[in-house]
Amino acid sequence: MTVDGEVVGRLPGPGLLILVGVTHDDTPATAAQLADKVWNLRILPGETSCADVGAPLLVVSQFTLYAETRKGRRPSWSNAASGPVAEPLVDAFAEALRERGAYVETGRFGAHMQVSLVNDGPVTLIIEA
Numbered sequence: 001m002t003v004d005g006e007v008v009g010r011l012p013g014p015g016l017l018i019l020v021g022v023t024h025d026d027t028p029a030t031a032a033q034l035a036d037k038v039w040n041l042r043i044l045p046g047e048t049s050c051a052d053v054g055a056p057l058l059v060v061s062q063f064t065l066y067a068e069t070r071k072g073r074r075p076s077w078s079n080a081a082s083g084p085v086a087e088p089l090v091d092a093f094a095e096a097l098r099e100r101g102a103y104v105e106t107g108r109f110g111a112h113m114q115v116s117l118v119n120d121g122p123v124t125l126i127i128e129a
């Protein structure tokens, strides 16, 4: 993942890219609950989890996950928490993963990031608390 041509996050091998969206009623407890779920979810080969095999994680804040697109032609971002609310919760999510023993790289909050992904499967999940 790069910002202005600078590499700001890279996994040392196969792992998971986690796009984190924060909404208004999320809390540090929500972040910890989701971190535990992600860390232990059996979605890797052989029905293993990141916890089982020590798979690294790349955590990227992604407010656009809360886009409202039902009306009109422009998405609304009103369901996404503001930066001052979301940033500490994304940090809390990453820290909760680290506390469980995860190798975690993160993006740069609020930056225009270029994220490269090789989606093996592909498998994409929405995980909510």
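Start counting the sequence shown at 1; every next residue gets the next number (our numbering).
Note that CB positions come from ideal geometry on N, CA and C, so glycine has one too.
In this structure, residue 108 and residue 8 form a Cβ contact; the two beta carbons are roughly 5 Å apart against a cut-off of 8 Å. Between residue 11 and residue 58, the beta carbon gap of about 5 Å places them in contact (Cβ cut-off 8 Å). Beyond the five residues adjoining it in sequence on each side, residue 26 comes within less than 6 Å, by CB distance, of 89 in the same chain, given in chain order. Shown here, residue 80 sits in a strand according to DSSP, grouped into three states. DSSP links residue 114 through a beta bridge to 2.
Beta-bridge partners assigned by DSSP to residue 68: 76.
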